[in-house]
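Note that the sequence shown covers residues 1 to 946 in full-length UniProt numbering.
Glycine included, every Cβ here is placed at the ideal spot set by N, Cα and C.
Structure record follows, encoded as structure tokens.
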Amino acid sequence: MGLCHGKPIEQQSKNLQISNEIEETPKNSSQKAKSSGFPFYSPSPLPSLFKTSPAVSSSSVSSTPLRIFKRPFPPPSPAKHIRALLARRHGSVKPNEASIPEGSECEVGLDKKFGFSKQFASHYEIDGEVGRGHFGYTCSAKGKKGSLKGQDVAVKVIPKSKMTTAIAIEDVRREVKILRALTGHKNLVQFYDAFEDDENVYIVMELCQGGELLDKILQRGGKYSEEDAKKVMVQILSVVAYCHLQGVVHRDLKPENFLFTTKDESSPLKAIDFGLSDYVRPDERLNDIVGSAYYVAPEVLHRTYGTEADMWSIGVIAYILLCGSRPFWARSESGIFRAVLKAEPNFEEAPWPSLSPDAVDFVKRLLNKDYRKRLTAAQALCHPWLVGSHELKIPSDMIIYKLVKVYIMSSSLRKSALAALAKTLTVPQLTYLQEQFNLLGPSKNGYISMQNYKTAILKSSTEATKDSRVLDFVHMISCLQYKKLDFEEFCASALSVYQLEAMETWEQHARRAYELFEKDGNRVIMIEELATELGLGPSVPVQVVLQDWIRHSDGKLSFLGFVRLLHVVFAFLLLFSSVISTGKLGLPYQQTLIDYFVWSPRGKRHHSLSEKYLYWGNRIDCPGKNCETCAGLGHQESSLRCALEEAMFLNRTFVMPSGMCINPIHNKKGILNRSDNKTTEEGWVGSSCAMDSLYDIDLISEKIPVILDDSKTWHVVLSTSMKLGERGIAHVSGVSRHRLTESHYSNLLIINRTASPLAWFVECKDRSNRSAVMLPYSFLPNMAAAKLRNAAEKIKAQLGDYDAIHVRRGDKLKTRKDRFGVERIQFPHLDRDTRPEFILRRIEKRIPRGRTLFIGSNERKPGFFSPLAVRYKLAYSSNFSEILDPIIGNNYQLFMMERLVMMGAKTYFKTFKEYETDLTLTDDPKKNKNWEIPVYTMDERKKEAS
1 MGLCHGKPIE QQSKNLQISN EIEETPKNSS QKAKSSGFPF YSPSPLPSLF KTSPAVSSSS
61 VSSTPLRIFK RPFPPPSPAK HIRALLARRH GSVKPNEASI PEGSECEVGL DKKFGFSKQF
121 ASHYEIDGEV GRGHFGYTCS AKGKKGSLKG QDVAVKVIPK SKMTTAIAIE DVRREVKILR
181 ALTGHKNLVQ FYDAFEDDEN VYIVMELCQG GELLDKILQR GGKYSEEDAK KVMVQILSVV
241 AYCHLQGVVH RDLKPENFLF TTKDESSPLK AIDFGLSDYV RPDERLNDIV GSAYYVAPEV
301 LHRTYGTEAD MWSIGVIAYI LLCGSRPFWA RSESGIFRAV LKAEPNFEEA PWPSLSPDAV
361 DFVKRLLNKD YRKRLTAAQA LCHPWLVGSH ELKIPSDMII YKLVKVYIMS SSLRKSALAA
421 LAKTLTVPQL TYLQEQFNLL GPSKNGYISM QNYKTAILKS STEATKDSRV LDFVHMISCL
481 QYKKLDFEEF CASALSVYQL EAMETWEQHA RRAYELFEKD GNRVIMIEEL ATELGLGPSV
541 PVQVVLQDWI RHSDGKLSFL GFVRLLHVVF AFLLLFSSVI STGKLGLPYQ QTLIDYFVWS
601 PRGKRHHSLS EKYLYWGNRI DCPGKNCETC AGLGHQESSL RCALEEAMFL NRTFVMPSGM
661 CINPIHNKKG ILNRSDNKTT EEGWVGSSCA MDSLYDIDLI SEKIPVILDD SKTWHVVLST
721 SMKLGERGIA HVSGVSRHRL TESHYSNLLI INRTASPLAW FVECKDRSNR SAVMLPYSFL
781 PNMAAAKLRN AAEKIKAQLG DYDAIHVRRG DKLKTRKDRF GVERIQFPHL DRDTRPEFIL
841 RRIEKRIPRG RTLFIGSNER KPGFFSPLAV RYKLAYSSNF SEILDPIIGN NYQLFMMERL
901 VMMGAKTYFK TFKEYETDLT LTDDPKKNKN WEIPVYTMDE RKKEAS
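This is how it looks when you write it as structure tokens:
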């Protein structure tokens, strides 16, 4: 949703000269620059100018700009595995293109009416285009009547023809809603009104004529002085802190999205382009991959992030302002993402040694890969580097609400440890906490209560606050019964241990705090008592887990135990158990929690040490052979979800190998080839897995206990396939460290995957007495199947009276070389029978001209079935992306949904013979009425067990 009205077109080619000092040109310099074509970026200057610029034609700007920040550049397209997600989100390419060819009717059923006024032409007169983005363009205009009569404004025009998915429509609707709610801040572009007609949506805003921050950086030779950079950062942080307090995350902060109001040097800076913004509650995590490559945060690529992602982007901007180069750079888009995930910014080269230590510390604390250790916008405004350079009133910080909530639910021992740590804080840290304490409006006696939190947030609330459900989160705090807090205890409750740990002085803080804790809070404590303090269940082997926490000499808490006690956030286990269960809390939090303890997602204790466990031993291979996106996701994921249902049915704790890639789609070498079997966050990153798809939200609502096996020998279990044999497992973290013996085999259930439904039925006959079970990937959990059935009913209702054909080509058309080395099709008749010309001759006698024809096919060539369009109205699954996008995660699910649609057709034809008898449809629609998706249901298993 690029908003690029800060720069007139005629001025956009001025700064296209490339310095001779820039690195040598890449090899493919003759190729034209490619624009990404995705709404992931808001290009500036116009991509078309790069194609015609002499500078570009003489020196390559292939796909990735050079590292030195001395010129404008076309935005790079995202890496392949991210590109597919973005394309589906905004309809830049046709949804489900890998399996379903699309016709021109890709917008069937989309409601593009926004309810905006349709009187744009009577209110404004368009002057000319001043900028262009991927999804629209921006024009200057003049008001014709009303309060803006005679005033110059900017009008962002978004053609409705570009809104090809329901998500794209919702993005526009949300952008207007957010702009309307947040307008009024001095560093946010002023929103005036929104209009629409049959062709476009018009967003009327303040016209900023001073150009982009990007232009200013280039005019200054690629970087700012420290003092000037401070002024820019204060304005950026001010508007971002305001957005975050309202529960809005921008998600695309970069120099191109900040405009100066006028060309004056002291002109205020305005944030623009909220097309990718979204609402987020403090205890929620987002999973859409959006942003711009150089500015995207690591956790965004992990698909679990919150407002902290904006702070990373601000850190990148600060880095560029101060040194003139990008902190993360590579010659390819995927290389940029790898650098963001694994590389560290360079602070050794010039000009960093000559900059102030506070400036370096400021940037480092924003570019921390652990989002928990990153500064918030309000904290950044209180950083020593910026203190004294502004007179802004520090806004309320939402992290305070989260930390206090955790503190309230913590054990008394942890509260004592935090109190000791709070006494070691420095003056700048106490200044920030004092500001936040005063914003809560303490009483005359210097105390605050839970009601103060609610009152403080309501003072600055807007419509965005309601939409983001921030108020719901604050209401949860006000409902907690707790004594009043004075400033000293407030400091202990609002202290972020992780942020303090990111500082170079962390060791001194921790040692000094432990000394104070020794005097005031430390005491002799038994391991069992400590376990009770921490709320550990009897199923946890506390003698093993907590043995390093207590000093053997006097039985008191050791320094190691003290530090771990500060980090373990037990309140999150209780308050956000559903978030933990769905894997959306984030890898660092989840890894820390699971490494320390095992806790039932219900917040209840486990039954006993002898309880049974279900071990998911899925074999590692990519079902979608040679896939470049997530083509094979469904087989792996279906098996996992079936395993979850099995664990719920048998009342077993679900054990999953933490060293195993959950969705090994891009891991072509195979996870077993990884020699170190890492279980850290870096290990997860290396396998390109997405934590977000681990748990199905419907399944996990039953709160099945889930733990991760971090043993180095988990692959031994996989190699034994169906039986444990004599090797067993070295240990399962949090369960037992002793080697499992023969008598324990019945307590461990191994699940593997097979493609054969027959093998599944044979293996599952005796459900109560077995040590292993095979699950087919051709079976779906009952809840997933229910979603597909509902979607099929909606599609059939929209199709009305229709016919259907099923054409299966791709995987059936196999070739082999003859004795002369020529590739020949093994089954020529199959190629002939599935071509549209032959299909037309076959069906024209039974299906009259002009009828709607639904086509289910795995043919990948676009326009393959266009000859049929001469006689019939063609419909594909991709025409209904607004219905299918939220629920279809893989080709197999799409395959099943299409069958449900085809079985409702008046006339049905298929062009191949199926060997899977349980999946077969016949040419007689009447016989297809009883066909159902093969499901792995808990109800059927209960009947079998009884």
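Within the same chain, Cβ atoms closer than 8 Å to the Cβ of Leu-560 are found at Asp-548, Trp-549, the five residues on either side in sequence being excluded. Sorting Leu-788, Leu-840, Ala-786 by C-alpha distance to the C-alpha of Ile-805 places Leu-840 at the top. In summary, Leu-386 is buried, with 16 or more beta-carbon neighbours lying within 10 Å of its beta-carbon over all protein chains present.
Sequence-distant partners of Asp-197 (beyond 5 residues in either direction) whose C-beta falls short of 6 Å from its own C-beta, in its chain, are Lys-118.
Distances from the CA of Asn-452 to each of Lys-459, Ser-461, Gly-441 were compared; the closest alpha carbon is that of Gly-441.
The beta-carbon distance between Leu-301 and Val-340, rounded to whole angstroms, is 7 Å. This is short enough to meet the 8 Å contact definition. One thing to note: Ile-847 has its Cβ within 8 Å of the Cβ of Asp-803.
Separation of Ile-888 and Ile-399 (C-alpha to C-alpha, rounded to the nearest whole angstrom) is 35 Å. At a cut-off of 4 residues, the continuous stretches assigned as alpha helix (DSSP H) that sit fully inside the stretch 400 to 429 are 412 to 422.
In the three-state reduction of the DSSP assignment, His-552 falls in the coil class, being assigned neither a helical nor a strand state. By the criterion of at least three beta-carbon pairs nearer than 8 Å, the stretch 221 to 233 is not in contact with the stretch 243 to 250. Comparing C-alpha distances from Thr-261 to each of Gln-235, Gly-306, Pro-428 shows the shortest one belongs to Gln-235. Burial is judged here by how many other beta carbons sit within 10 angstroms of a residue's own beta carbon; Glu-125 has fewer than 16 and is exposed.
For Pro-268, the CB contacts under 7 Å within the same chain, skipping 5 residues up- and downstream, are Lys-186, Asn-187, Gln-235, Thr-261 in chain order.
Judged by DSSP in its simplified three-state form, Tyr-124 adopts strand. Less than 8 Å separates the beta-carbon of Leu-566 from that of Leu-418. Contact between Glu-175 and Phe-274 holds: CB atoms are separated by about 5 Å, below the 8 Å threshold.
Take the alpha-carbon of Leu-381 and the one of Ile-527: they are about 43 Å apart. Remark: three or more beta-carbon pairs, one from each stretch, lie closer than 8 Å, so the stretch 132 to 143 and the stretch 152 to 161 are flagged as touching. Here Arg-511 is exposed: its Cβ has fewer than 16 other Cβ atoms, across all protein chains shown, within 10 Å. Residue pairing from DSSP places Ile-203 in a beta bridge opposite Lys-156, Ala-194. Classified as exposed, Leu-458 has fewer than 16 neighbouring CB atoms from the shown chains inside 10 Å of its CB.
DSSP, reduced to helix, strand and coil, places Gly-275 outside both helices and strands of the structure shown, so it counts as coil. In terms of Cα proximity to Lys-162, the closest of Leu-148, Ile-178, Gly-133, Lys-177 is Gly-133. By the beta-carbon neighbour count (other beta carbons within 10 angstroms, threshold 16), Asp-520 is exposed. Taking C-alpha positions only, Val-157 is separated from Asp-264 by approximately 27 Å.
Met-897 and Ala-786 do not touch by the CB rule: their CB atoms are close to 12 Å apart, not below 8 Å. A direct Cα-to-Cα measurement between Phe-909 and Phe-838 gives close to 12 Å. When only Cα atoms are considered, Gly-136 and Met-205 end up about 15 Å apart. In the three-state reduction of the DSSP assignment, Tyr-137 falls in the strand class. In the three-state reduction of the DSSP assignment, Ser-443 falls in the coil class, being assigned neither a helical nor a strand state. Along the stretch 232 to 265, the beta strand (DSSP E) occurs as fully enclosed runs of 3 or more residues at 258 to 260, listed in sequence order. Between Leu-403 and Ile-314, the C-beta spacing is not below 8 Å. Here Gln-209 is buried. Its C-beta has 16 or more other C-beta atoms within 10 Å.
The residue among Lys-231, His-509, His-552 with its C-alpha nearest the C-alpha of Val-524 is His-552. Ala-350 and Lys-230 have their C-alpha atoms some 19 Å from each other.
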